[in-house]
Every structure is written in C-alpha cells, then in structure tokens.
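To start, the structure itself, in structure tokens.
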Ligand code: CDP
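Residue numbers (the numbering used here): 1 to 206.
Dropping the structure here:
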C-alpha cells in the first residue's frame with residue numbers, strides 16, 4: 001500500500017506521515033528533506049540557491065542515504081529548498097530515488113508537495129493536508145524557536161507567503177490536490193484527532 005501525503009509548510013503532513021508509517025509498519029520518506037539537503041549543500045559552500053547550474057549539480061551529487069536531519073530544519077534551509085525545488089532538473093535528479101522508495105514491497109508513506117500528482121499518481125490513498133496560514137505560522141515558529149532559530153513571527157509570515165506562492169505556482173510539479181485527494185484541514189484538530197481520522201479512512205477503505 002502506498003500512502004501519499006501532500007500539503008504546504010507546517011500543515012501537519014510530516015507528523016501525520018510519521019504516525020501512519022508507525023501505525024501500519026510502512027517505511028516513511030520525508031521528501032522535503034532531499035530538497036532541503038540540496039539547498040544545504042549549496043549554503044554550506046556559500047553558493048546562492050538561485051544559482052541554477054550549481055543547484056542541479058548539488059542535486060545530482062546528493063548522497064540521499066547520508067542526510068543529517070538535524071541540520072535541515074532551519075528557516076534558511078527551508079527557504080532555499082523551495083528555491084531549488086522550482087528547478088525542473090533538480091526535481092529530475094531526485095525523482096528516481098523517491099520512485100524506488102515508493103516501490104518497496106512492504107508499502108510506503110511519502111510526504112511532500114508532488115507525491116499524489118507526480119511521484120505516486122497511483123497511490124492507494126492521497127491526503128492533502130492544509131491548515132490556516134496563521135495556525136501554520138504559530139506551529140512553525142514554535143518548532144524553530146525550540147530548535148534555536150530566532151526568526152520573528154513577522155519574518156516567518158513573510159517566508160510562508162513567499163514559499164506557499166512559489167510552491168503552488170511553479171511550472172513543474174506545483175503543490176495541488178488531485179481529483180481523488182482526501183482533504184484534511186488540521187487547523188482546529190489535535191495531532192491525535194488528525195491521526196485517528198486518517199487511519200479510520202484507510203482502515204474502512206482498505
Ligand atoms: O516542512 P516544510 O513544509 O517546511 O517543508 P518541506 O516538506 O521540508 O519542504 C521544503 C521545500 O521543498 C518545500 O517548500 C518545497 O518547495 C520543496 N518540496 C518539493 O518541491 N517537493 C516535495 N515533494 C517536497 C518538498
């Protein structure tokens with residue numbers, strides 16, 4: 001069984017993906033981490049993520065099996081990820097790894113922006129997770145502050161607006177639901193309620 005989970009920044013897709021993977025015993029891939037790792041490789045070398053040629057090289061040379069998660073979660077890396085993710089050749093370089101992950105005979109849960117549309121269009125379940133922008137801003141602010149990133153709410157709100165716009169309007173693999181996506185608005189739901197809802201849907205349709 002393949003479960004595809006897409007949604008914007010801090011919508012709760014990662015939390016849901018991890019919980020479903022644990023519940024059903026499937027491997028999980030946070031596909032955002034490979035875009036973040038591509039951006040981080042550039043940032044570490046002092047290269048602007050807008051540098052297309054270097055971004056493509058970084059994606060092509062990325063060692064997906066040795067990604068160190070703790071370095072990826074800063075606001076700067078998130079913003080850079082969204083920039084490199086708009087480059088079609090970067091997406092192409094990262095495609096096979098994601099597809100192979102999804103082909104695991106044990107099943108798989110993948111979360112990102114284009115899982116239901118591009119990576120796993122035949123997924124058994126496609127969730128499109130959303131939440132109101134102000135709710136997402138507060139969630140992400142809390143996460144970033146507890147990780148030691150001192151970004152202000154104002155800076156973060158500006159980043160969210162920019163990232164939402166770029167991710168939903170790029171020409172290649174924009175963030176959007178499919179006709180069969182199950183919409184989940186997590187604004188007024190606790191984590192447990194979201195997980196219960198999604199597992200309920202899967203178990204009653206599986
Ligand atoms: O956790 P958050 O929603 O902040 O971001 P993420 O899932 O780590 O993804 C970071 C960025 O990578 C996104 O803003 C997208 O631009 C890009 N991305 C993508 O284009 N396609 C994916 N499947 C996953 C992430």
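Positions of the beta carbon are idealized from the N, C-alpha and C atoms, including for glycine.
All figures in this text were calculated on a predicted structure; none of them were measured in a lab.
For residue i, count the other beta carbons within 10 Å of its own beta carbon; 16 or more makes it buried, fewer makes it exposed. Which is it?
| i | result |
| --- | --- |
| residue 30 | buried |
| residue 153 | exposed |
| residue 8 | buried |
| residue 159 | buried |
| residue 60 | exposed |
| residue 28 | buried |
| residue 91 | buried |
| residue 13 | buried |
| residue 11 | buried |
| residue 82 | buried |
| residue 41 | buried |
| residue 191 | exposed |
| residue 46 | exposed |
| residue 163 | buried |
| residue 32 | buried |
| residue 22 | exposed |
| residue 116 | buried |
| residue 38 | buried |
| residue 161 | exposed |
| residue 103 | exposed |
Following the continuous beta strand (DSSP E) through residue i, name the residue where it begins and the one where it ends.
| i | result |
| --- | --- |
| residue 64 | Counting along the chain, residue 64 falls outside any beta strand (DSSP E), and DSSP gives it neither H nor E. |
| residue 6 | 2–6 |
| residue 127 | 125–130 |
| residue 184 | 182–185 |
| residue 109 | 108–112 |
Closest by CA to residue i, which one among the options?
| i | options | result |
| --- | --- | --- |
| residue 80 | 121, 150, 49 and 204 | 49 |
| residue 127 | 82, 161 and 202 | 202 |
| residue 113 | 68, 64 and 34 | 34 |
| residue 96 | 125, 62, 73 and 69 | 62 |
| residue 156 | 136, 110 and 32 | 136 |
| residue 71 | 151, 60, 44 and 183 | 44 |
| residue 98 | 55, 54 and 4 | 4 |
| residue 185 | 198, 179, 173 and 166 | 198 |
| residue 94 | 56, 76 and 116 | 56 |
| residue 193 | 1, 6, 115 and 16 | 16 |
| residue 131 | 86, 87 and 183 | 183 |
| residue 204 | 173, 111, 125 and 121 | 125 |
| residue 187 | 133, 123 and 142 | 133 |
| residue 52 | 88, 18, 67 and 19 | 88 |
Give the range of the alpha helix (DSSP H) segment to which residue i is assigned.
| i | result |
| --- | --- |
| residue 44 | 32–44 |
| residue 115 | Looking at the DSSP string, residue 115 is not in any alpha helix (DSSP H), and its letter there is neither H nor E. |
| residue 142 | 133–146 |
| residue 51 | Per DSSP, residue 51 belongs to no alpha helix (DSSP H) and is neither H nor E. |
| residue 17 | 13–24 |
**Request:** Determine contact between the segment 138–152 and the segment 163–178, defined as no fewer than three beta-carbon pairs at a distance below 8 Å.
**Result:** Counting Cβ pairs under 8 Å, fewer than three are found: no touch.
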